[in-house]
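Residue 47 in the numbering used here is what sits at position 47 of the sequence shown, and the numbering runs on without skipping anything.
One structure below.
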Amino acid sequence: MLDSKKDLGNEFYQNLGKLFYAMAMADHSIHMKEMEKLNEVVRDHWLEIDDIEDEYGTDAAFQIITVFDWLLDYEKDSEEFYEEFEAFYMDHKLLFTSKVKQLAMSTSRAIAASFAGSNKSELILLGRLQLLFEK
């Protein structure tokens, strides 16, 4: 049972990585400030969410950054990954406590605002996320 909890925890953070990548990539380019903001928020806030570790004994929250960086290397389309996050959320709503939802929204807003303020495509995605979290 513990392994499945760990696997689900890793998948949870990987999907958050997809969400934050989609947010940063909403304007079709990722800026260094967005990456710096994500690193800062993960270190300051996401590490405290739980004590799940990945297979290397590292806090699973770092999966957010790992997935973000991987997607960045492959310059993936943001919409596809937002939809993957959305599907994961719908299948695992219990993982998304009000605290997690608030942190996901504030992280998304911070990423969107970190470079030249939020643009229209980022604001649209933020709105979609807000609506998703109300389901």
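Note that the Cβ used here is the ideal one computed from N, Cα and C, for glycine as well.
To which residues of the same chain is Ile-30 closer than 7 Å at the C-beta, ignoring the five residues directly before and after it? Position 30 of the sequence shown holds residue 30. Once the five neighbours on either side are set aside, the close Cβ partners of Ile-30 are Ala-24, Leu-72.
Is the beta carbon of Ile-65 less than 7 Å from the beta carbon of Val-41? Taking the first residue of the sequence shown as 1, we reach residue 65 at position 65. Taking the first residue of the sequence shown as 1, we reach residue 41 at position 41. No. Outside cutoff.
State the Cα-Cα distance for the pair Lys-5 and Trp-46, rounded to the nearest angstrom. Counted from its first residue, the sequence shown places residue 5 at position 5. Counted from its first residue, the sequence shown places residue 46 at position 46. Roughly 17 Å separates the two Cα atoms.
Under a Cβ-count criterion, where at least 16 other Cβ atoms within 10 Å of its own Cβ denotes burial, should Asn-119 be classed as buried or exposed? Reading the sequence shown from its first residue, position 119 is the one you call residue 119. Its Cβ having fewer than 16 others within 10 Å, Asn-119 is exposed.
Check the C-beta distance from Ser-121 over to Lys-37 and give it rounded, since I have them as a contact under 8 Å. The residue you call residue 121 lines up with position 121 of the sequence shown. The residue you call residue 37 lines up with position 37 of the sequence shown. Rounded, the Cβ-Cβ distance is 17 Å, inconsistent with contact.
Among Phe-20, Phe-96, Lys-76, nearest to Ile-49 - alpha-carbon criterion: On the sequence shown, residue 49 is found 49 positions in, with the first residue counted as 1. Nearest of Phe-20, Phe-96, Lys-76 to Ile-49, Cα basis: Phe-96.
Roughly how many angstroms lie between the CA atoms of Ala-61 and Asp-27, to the nearest whole one? Looking up residue 61 in the sequence shown gives position 61. Looking up residue 27 in the sequence shown gives position 27. The alpha-carbon atoms of Ala-61 and Asp-27 are separated by roughly 25 Å.
Could you tell me which residues DSSP puts in a beta bridge with Asp-59? Translated into positions along the sequence shown, residue 59 becomes position 59. In the DSSP output, where bridge partners are listed per residue, Asp-59 has Glu-53.
Asn-39 lies in the alpha helix (DSSP H); which residues open and close that run? Taking the first residue of the sequence shown as position 1, residue 39 is located at position 39. It spans 32 to 44 - the alpha helix (DSSP H) in which Asn-39 sits, taken as one unbroken run.
Assuming Glu-53 contacts Asp-59 (C-beta within less than 8 Å), just tell me the rounded distance between them. Counting from one through the sequence shown, the residue named residue 53 turns up at place 53. Counting from one through the sequence shown, the residue named residue 59 turns up at place 59. Going by Cβ atoms, the distance from Glu-53 to Asp-59 rounds to 6 Å, so yes, they are a contact pair.
Which residues in the same chain have their Cβ closer than 8 Å to the Cβ of Met-1, if we skip the five residues on either side of it in sequence? Along the sequence shown, one-based indexing puts residue 1 at 1. Annotation note: pLDDT 45 at Met-1 (below 50); position unreliable, coordinate value reported separately. Result list for Met-1: empty, nothing under 8 Å.
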